Each structure stands twice: as C-alpha cells, then as structure tokens.
Amino acid sequence: MIRIKLIKFISLPLIILLVFVFSVKVPAVITGHCSDCHTMHNSQDGAVMVDYTYGAETTGTKSFLLRGTCLGCHAQGSLNIINMRGNQVPQVYHTDGSSDLAGGNFKYILTDDNKGHNVTDFGDTEDTLTSPPGHHQPDGIGVNIACSGEVGCHGYRKNVNSLIDMKGSHHGNVDGKLDTADQVYNSYRFLWKVKGLENNGSYKWQNKDQNNHNEYFGDTIPMTAGGGCDTTLCHDPGGKRPESQTISGFCSTCHGAFHFKEWLSGDPGTGASGSSPFTRHPTDVILPDSGEYNGYTTYSVLAPVARQTVPDTISSSVTSGASGDVVMCLSCHAAHASNYADMLRWDYKSATLSTALSGCNVCHTSRN
Amino acid sequence: MKTRRLNNVVNLIKTVNLKASDNLKIISSVLVCLVLFAVFYVKSVSAGPYLNSAHGSSSYGVKRSAADYESPAIDPNYIKGLCAHCHEQHASIDGFEPYPVPGPDNYTLFYSNYVNQTDGFCFQCHTSSSSHQATAFNNYNYSYRAGGDTSLTCPNNILSAFSFINESGAPVSNCSSSTGSSHKLTDIQTFITAAAQSSWGFTANSNPCSACHNPHSAQRDPHTSGSRGYPVSRPSLHNSKDNNSWGLWGDSAAELMNNYTASYQAPYRSGSTTLYEPDGSTTTNGSNLTDYVTFCTDCHNSTNTIYSTTLGRNLYQFNWSAEKHGGGAATNDASVTDIIAPYQEAQLGNYVLACTDCHEPHGSPNRYLIRKMVNGGATTVTVITTPDNTRDWNSLCTKCHNDSTSISNSHHILGMGCTTCHTPDPADFPNCLDCHYHGSTAIYGSPYNGGEHLF
Chain H
1 MIRIKLIKFI SLPLIILLVF VFSVKVPAVI TGHCSDCHTM HNSQDGAVMV
51 DYTYGAETTG TKSFLLRGTC LGCHAQGSLN IINMRGNQVP QVYHTDGSSD
101 LAGGNFKYIL TDDNKGHNVT DFGDTEDTLT SPPGHHQPDG IGVNIACSGE
151 VGCHGYRKNV NSLIDMKGSH HGNVDGKLDT ADQVYNSYRF LWKVKGLENN
201 GSYKWQNKDQ NNHNEYFGDT IPMTAGGGCD TTLCHDPGGK RPESQTISGF
251 CSTCHGAFHF KEWLSGDPGT GASGSSPFTR HPTDVILPDS GEYNGYTTYS
301 VLAPVARQTV PDTISSSVTS GASGDVVMCL SCHAAHASNY ADMLRWDYKS
351 ATLSTALSGC NVCHTSRN
Chain Z
1001 MKTRRLNNVV NLIKTVNLKA SDNLKIISSV LVCLVLFAVF YVKSVSAGPY
1051 LNSAHGSSSY GVKRSAADYE SPAIDPNYIK GLCAHCHEQH ASIDGFEPYP
1101 VPGPDNYTLF YSNYVNQTDG FCFQCHTSSS SHQATAFNNY NYSYRAGGDT
1151 SLTCPNNILS AFSFINESGA PVSNCSSSTG SSHKLTDIQT FITAAAQSSW
1201 GFTANSNPCS ACHNPHSAQR DPHTSGSRGY PVSRPSLHNS KDNNSWGLWG
1251 DSAAELMNNY TASYQAPYRS GSTTLYEPDG STTTNGSNLT DYVTFCTDCH
1301 NSTNTIYSTT LGRNLYQFNW SAEKHGGGAA TNDASVTDII APYQEAQLGN
1351 YVLACTDCHE PHGSPNRYLI RKMVNGGATT VTVITTPDNT RDWNSLCTKC
1401 HNDSTSISNS HHILGMGCTT CHTPDPADFP NCLDCHYHGS TAIYGSPYNG
1451 GEHLF
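Those protein sequence lines, which keep their order, are chains H and Z.
1 is the number of the first residue of the first sequence in my numbering; add one for each residue after it.
1001 is the number of the first residue of the second sequence in my numbering; add one for each residue after it.
Here it is as structure tokens:
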C-alpha cells in the first residue's frame, strides 16, 4: 500500500511535468555552462578567455563579459553550421563549400561591395554608395553598418554599442513560429518586431528547397510614410522597427523608397496608390490572381514569397489571389549577401539571358 | 538530343550480354536502362513568349545605351533583352538613377509611359535620333517591309510614322509631305479605355501602343519567306489584368487571311509580277498573312463609335464583311476588263482584301493612312476635297482597277448626267471619296441601288 502511494506521489508530478514540457513552447535558448560564452576575468590558467574572434579582432575583454563578438561566434569561417560546446551555431560567414544559409554568406562582400550589406565588423567598408539606397536624407545611418545596434539590423537598433541591443536575446531565444514578436528574443531572427517562422527542421537556418525553408511574414499593402517617419511607423522610442511587422517593412526602415507606397518629399515610393501601376517593384503586395502569376504554385527558394499569416508549419505551396501569398524584398534579394550583384538570389548580370531572367520568371512566368 | 540519348540506350541494351533464360539479367538490364534513361533524359527547353519577342531577343532585343546609365563606372552591362533596359525596379542602380530622367515612373519604366502623339516611353527607343537603344535600328513602313519598296525610307522609325500629325490632330510636315496621316494615339487611348470597351481590360494608364502590341510578346517580322514574326495582338483579347496572357495574333493557322470564304489574293511585291506580299514569296492565298481584317475590325466596325480628333468627327462605321472590298458580293461586268493582275476577272466579286493591302498601320505621307505603294505601284493621295483634278485617288484605285475601262465605263453607264459628278466645271473630276469610302451606300445623298455598298 505504501509502495502504491509512493508511486502515485511520484508519478503525478512527473506526469504534470511531462505535460508541461511537451505542451509549452520551449525556448531555443543557449544551453550549457555560463563559461561557454562568458568570462569573469578573461583569464583562465594564464590564458585569455576571449578566444572567439574573427580576423584581426582583439582578444581583449568584451561587453557583458562575453568571450567574443557576433562574428567571433557566427563567422568562424569553416562550415555553414558549427558546433560550439554543444550548441549548433549558424555561420553568416564561411569559406568552405557548404551551402549558404538563408541569409546568404558575408564572404562575398569581401570581394565585391555590391554583393551584400557592408557590415563593418568584417573590416571591409563600402566604397561606392554614400547612403543606403532609397533612404531619406539626412539619414545618419551611413553605409557601413553593424550586426546590431543603432546602425545594425538585429536587436533593438537603438544604441551605439551594438551589443546592448542584443542583451539577453540568446538567453530567451524562441525558435519556430514567431508571431508575437514584441521582444527581440521572440522576433524573427532577432529582428525586433518582425514576425515569421524560422526553419527549425532538418535544414535549420536554411532555405534548401520547397519543403525546407523559412516562412516570412508579409502584408497586402506596403506601409505609407505620408507625413513622415513618426514613432508609430519606424522610429519607436525603443528602437527602430516596422509598423507592419513584415520582413519587407523591416528592410524599408533603411530602404524606404523601395517599399513605401508613399515616401517622403513627394517621392511616390512604389506608387502612392499601392496598386498597379507601380513606380517601383512593389513588396508586401499579393501575387495577383490572374495571368502569369497563377503559374507560380510550388514554393521556390530562388524567389520565395511571404505569407499573410505566420503559418504553423512550412508549406511547399504558393497561392495567388486576395488571400494568397505576398511579394517581399527577400523574393529577390538575400538578407546578408549573395554571390550575385545587388545581393540578388540569381545572376541578373549573367551573359545568358535565360539565366539572368531565371529569378524574375518564378513570378513572371510568361516572361521567359 | 533526345533521339541521340535513346540511341545510346538502345546501344547499351545491345551490348548487354543477355541470355533468354536469364530473367534476372533481363530485368536488371531493363532497370539499368530505365535508370540511365531517367538520368540522361532532359526535357527539351524552349524559349517562351518573351525570349521569342523583339524586345526579349538576346540578338536584337532591348539594350539601353551604356551612356544612359549614370556613368560608365557603374554601367551594369546588363545583357541584351533584360528587363532592366526598360524597367528600373527601384529607380536606382548602385545608388543612382540611370538616365534619361529622374524619378520613378509607372510600370517602373525609365520614362513616362505615354504623354502625347509624339512623346512617350516607346518613342524613347523607336526614334531615329537620341534613341536609348544602344544599336541604331530602323522601323520602316509596311510598304517598305511587306511591299518591298525599299525606296520608301521615310518614315524610318515609329516616332516618325506617328509624326504626320500633332497632338491636336493637325498635319505636320514630315517625310516631304504636309498632308500625311497617322493613327491618333490619344484617340486610341480614349477609345480602348471607354466604358464600352471595359471588357478589354485597358486602364487610364494604358499606353495606346499597347492597344495593338504586347510589348513582352510582339515579334519582329522580317517579312522574308521562311522567317516571319507576329507583331500584333487583338485589343479585344487583351482582357487580362496583368497583360501577360495576351497572346499574339496571326501566329496560328486560324488567324490568317486564307481562312475567309472569299478568296484572298496577295498583291504584288514592288518591282515584281511573280513575287507577292508580305514576304516576297510565291504564296498568294494569304496563308502567310495575319488576318488583319479581324484584327482591325476589333475597333473599326459597324458598331463602335470612334472619335477622330484629326477629322473632327466620328469615324464612319462600316461592316467589312458586307462591303465589296471585304466579304460582301461584287458584280463583275463581263464586257470589260475591270481588274489588274494579280487579281483575276474570273474571281471578281469573290475577293476579300486585307486592311494592310491599302493602309499603313502607323502613319503615311498619304491621307487616311493610305500606303505609298499598293500592289507594286506608287500612290500619292493628298486631296480629300472635290474636285480632285490631280486625280490623286486614282493613283490608289488604279493599282487594282483598270482606269480606262473599269473606272470610266462603270461610272458613265450609270447615266446620272455629266454634271452630277463633273462639277462645278464640266472639266472637273470628282474625288473618288465622294462616293467610295468605308460604309458608303449612297451617291451624293441618294441611296445607290437600294443600299448597295459602294466600297
């Protein structure tokens, strides 16, 4: 009898615990020892502990007692995904032959500024542009950006010290479906307030094929600047983020004229009406339910689309029409860098016309 | 390529040492063959409508001049035929907007889609001077291209062809003519976007050139036998929101002039009595000519009301299927030789003409878009009033109708009295247009023969 009671006593909380474990979304937080990422004194047995470095980065102490910088962990230069002390770590820069992650590979900017976002942490500055294309002036952004912080993309995008805007994000990181997106840690790829579904399957962080890819969030009409970039639109006191919470809206916080349906100083942006005829290629507009667009039915990682609702799972289908899928900046461009001019997903400058049009033809199926 | 791969598979089968009793070997060999076939079989790739179009050709397609980009240093050197030569996706390349003009335009074009009769996006390249196309090119009139009269080198571009009138419809001196004519583009735009044509799917933003041409499909037509292209699309079939599923007209057997019950007879090509329009071949039955009757009568028919700024009135409505030059019946006067070769007396009354046999599609130094060369002969049509003592219109009509027998006899046997036509002076000649125009069934206000068509 006592034994039965003991079993009941133990099993009940165990069951409750198991139910809790399997019913609550588990944050994909960094696990392991604190010392895997932090160091108290940057010294252990006489050796420096800041040993996650990229290129010529110093091994001196870092903010938040970190053992390395962003690139120190995410640009180690070998594989596309590496194992660091038991954690899989995506590599935004790698030089081996493994396939690039969904955002691309920053190695390309080291040979051509035109191929990616010029993140100064890599030590190679922009030589051609004077401001982000499509940005209003005076911008204060410059063309040499950082991973995070005031002139970066990840985190709150507010502080000069870029690491401050990422503080704690890895500790609270949530993977998979991210449709709350009110904090950095529960936003898509730490892009504050951007929604999406991170590919968390066999090909995590990758856009491999129609069955293995991220799902991006989009809207049916671009944002409009109207009177200016107010706190609702982009310039939140907490940092910079898009009101629409879409991936294209996020890009527009720096490249506004390329997304907004009504930009500043009389510039129409992509077109004041938000409908055809557009004056720039639109984003956050549906694939029309007509003509050639109906030919895009199977998801293509060459020209991916966004969804009007963040899905629960990855879908290999593309749907046109009012409730269908959405064109986005990432339909054509890689977020970090690609091996092609203008960060495009395909070689628009190919000497073979059909190749140069290959990405266009994913949506514009009759222009082949 | 596929045949070669199949042969390889067959050869492979032959080289496999098969024994009839060895089923395993047979099966495995077949499997090997199937696997190899599956691996090496590649569906043949064919170009789509854009790559086959004039603009999308990798040989002669669109190619904006390098000088039009902000500077040679950022010349993107896009391949010929690429979208970017017409469409600026962001109105920005490497942080600058390419020439010719700043600011984004509708449809992401590098220039305003349509402004007026002589200003618009198409004319940025289809012009003789300052063309933004990197390599100079000519677009001659139909009389040159299909008619084969290579002396007619003016107009030599589309802008020039539309420049015989201005936006007000008034004539403009062009190609040594001050009495030329052009399709009035703004009138076209007004018509195709009118409520009555709403099912056609054009909008207020539509370029009037796109009433007849799909810029992503329209093909170059060399007018050479064995090498043809199809430049037009029927406006009434445009009915597609995104303008993409709008196919070409004339590129299938059902869309050619030889489909009419009445016979089509191709006119002579310039300088020849053995070769014919539109491609200089010996084909005469219209099997090599787009059915321009169906194409043109989408607009020019018995029901549509089309206002002409040039004429200051609505165009005449007419039913081509009932008119003599069209599908309607005509009477052969067996007592005279009415007609000129290649048209045959025996077939008279059973012909149907194509609009392009007499008219230029864009513009002409002649009135009413009349071609400068018809059935192998030159025309000069400048007079639209009566009397026409220079007998301008005869220069057109006599390309097919016998002047001394058919034209004179046919009129004099009507018995209407000399001064009915020869007026105000008995020596005056009436203008053919007095009675013979599209839709006419009356002579000076009096119905002819119970309403018989006079054209």
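Think of the CB as a built atom: it goes at the ideal place given N, C-alpha and C, for glycine as much as any other residue.
Computed from a predicted model, the values in this text were never measured in an experiment.
Between the alpha carbons of residue i and residue j, how many angstroms are there, rounded?
i: Pro1049 (chain Z); j: Thr1224 (chain Z); result: 21 angstroms
i: Asn1207 (chain Z); j: His1090 (chain Z); result: 21 angstroms
i: Asp1094 (chain Z); j: Phe278 (chain H); result: 21 angstroms
i: Ala1161 (chain Z); j: Tyr1140 (chain Z); result: 8 angstroms
i: Ile1079 (chain Z); j: Thr1379 (chain Z); result: 43 angstroms
i: Ala181 (chain H); j: Leu233 (chain H); result: 16 angstroms
i: His235 (chain H); j: Met84 (chain H); result: 36 angstroms
i: Glu198 (chain H); j: Val92 (chain H); result: 16 angstroms
i: Gly142 (chain H); j: Ser1173 (chain Z); result: 55 angstroms
i: Ser252 (chain H); j: Trp1249 (chain Z); result: 42 angstroms
i: Gln1265 (chain Z); j: Thr1284 (chain Z); result: 5 angstroms
i: His336 (chain H); j: Val1062 (chain Z); result: 31 angstroms
i: His170 (chain H); j: Thr31 (chain H); result: 10 angstroms
i: Phe1137 (chain Z); j: Thr1420 (chain Z); result: 51 angstroms
i: Val26 (chain H); j: Asn186 (chain H); result: Note that Val26 (chain H) has pLDDT 43, beneath the 50 cutoff, so the model's placement of it is unreliable and the number below is only indicative. Going by the C-alpha atoms only, they are around 12 angstroms apart.
i: Gly1271 (chain Z); j: Leu1348 (chain Z); result: 24 angstroms
i: Asn1366 (chain Z); j: Asp1388 (chain Z); result: 15 angstroms
i: Ile1165 (chain Z); j: Val1115 (chain Z); result: 15 angstroms
i: Phe1110 (chain Z); j: Arg1064 (chain Z); result: 10 angstroms
i: Thr1150 (chain Z); j: Val1374 (chain Z); result: 13 angstroms
i: His33 (chain H); j: Cys1083 (chain Z); result: 54 angstroms
i: Gln1133 (chain Z); j: Ser1163 (chain Z); result: 20 angstroms
i: Leu330 (chain H); j: Asp1187 (chain Z); result: 42 angstroms
Can you name the residues of chain H whose CB is closer than 8 angstroms to the CB of residue i?
i: Tyr1050 (chain Z); result: Leu357, Ser366, Arg367, Asn368
i: Gly1095 (chain Z); result: Thr128, Leu129, Thr130, Ser131, Pro133
i: His1216 (chain Z); result: Ser366, Arg367
Which chain Z residues sit within Cβ distance under 9 angstroms of residue i?
i: Phe278 (chain H); result: Pro1104, Asn1106, Tyr1107, Thr1108
i: Lys349 (chain H); result: Pro1076, Asn1077, Tyr1078, Ile1079, Leu1082
i: Phe258 (chain H); result: Gln1089, His1090, Ala1091, Ser1092
i: Pro268 (chain H); result: Gly1103, Pro1104
Give every residue of the same chain whose Cβ lies closer than 7 angstroms to the Cβ of residue i, excluding the five residues on either side of it in the sequence, and list them in chain order.
i: Arg1269 (chain Z); result: Gly1147, Gly1148, Leu1275, Tyr1276, Glu1277, Gly1280, Gly1376
i: Asn144 (chain H); result: Asn118, Thr120, Thr125, Glu126
i: Thr1127 (chain Z); result: Asn1157, Leu1159
i: Gly226 (chain H); result: Glu262
i: Tyr156 (chain H); result: Asp165, Val184, Trp192, Gly238, Gly239
i: Leu79 (chain H); result: Gln91, His94, Asp96, Ser98
i: Tyr1448 (chain Z); result: Thr1441, Ala1442, Leu1454
i: Val1032 (chain Z); result: Here Val1032 (chain Z) scores only 49 on pLDDT, less than 50, and its place in the model is too uncertain to base an answer on.
i: Gln76 (chain H); result: Ile82, Gln91
i: Thr365 (chain H); result: Glu292, Gly295, Tyr296
i: Thr61 (chain H); result: Asn42, Val50
Going along chain Z, which residues have a C-beta under 7 angstroms from residue i?
i: Ser369 (chain H); result: With chain H covering 1 to 368 only, the question about residue 369 (chain H) has no answer from this structure.
i: Cys360 (chain H); result: Cys1083
For residue i, which residues in the same chain have their Cβ closer than 8 angstroms to its Cβ, ignoring the five residues on either side in sequence?
i: Glu1452 (chain Z); result: Thr1441
i: Arg367 (chain H); result: Glu292, Leu357, Cys360, Asn361
i: Lys107 (chain H); result: Tyr93, His94, Thr95, Ala337
i: Thr1190 (chain Z); result: Tyr1307
i: Leu1152 (chain Z); result: Tyr1140, Asn1141, Ser1143, Tyr1144, Lys1372, Met1373
Can you pull the chain H residues whose beta carbon is under 7 angstroms from the beta carbon of residue i, in chain order?
i: Gln1347 (chain Z); result: None at all; the shortest Cβ gap to chain H is about 42 angstroms.
i: Asn1205 (chain Z); result: Pro277
i: Ser1058 (chain Z); result: Leu353
Can you list, in chain order, the residues of its chain with a C-beta nearer than 6 angstroms to that of residue i? Leave out the 5 residues immediately preceding and following it.
i: Arg1220 (chain Z); result: Ala1054, Gly1229
i: Phe1429 (chain Z); result: Pro1387, Asp1388, Asn1389, Arg1391
**OP:** Evaluate contact between the stretch 205-223 of chain H and the stretch 350-362 of chain H, counting only Cβ atoms and requiring at least three cross-stretch pairs below 8 angstroms.
**Re:** no
Subject >> Touch test, the stretch 1207-1220 of chain Z against the stretch 1252-1270 of chain Z, Cβ-Cβ under 8 angstroms, three pairs minimum >> reply: no
Subject >> Cβ contact check for the stretch 1163-1181 of chain Z and the stretch 1098-1109 of chain Z: 3 or more pairs under 8 angstroms >> reply: no
Original post:
Quick check: the stretch 63-73 of chain H against the stretch 117-126 of chain H, are there 3 or more CB pairs under 8 angstroms?
Top reply: yes
Original post:
Touching or not, the stretch 1345-1354 of chain Z and the stretch 1287-1304 of chain Z, by the rule of three or more beta carbon pairs under 8 angstroms?
Top reply: yes
Subject >> Entirely enclosed alpha helix (DSSP H) segments - the stretch 1358-1400 of chain Z, minimum 4 residues >> reply: 1394-1397
Original post:
Is the stretch 309-325 of chain H touching the stretch 168-183 of chain H in the sense that three or more CB pairs, one from each, lie closer than 8 angstroms?
Top reply: yes
Original post:
Do the stretch 1404-1415 of chain Z and the stretch 1297-1315 of chain Z meet, that is, are 3 or more Cβ pairs less than 8 angstroms apart?
Top reply: no
Subject >> Given 8 angstroms, three or more beta-carbon pairs between the stretch 1113-1125 of chain Z and the stretch 1333-1340 of chain Z >> reply: no
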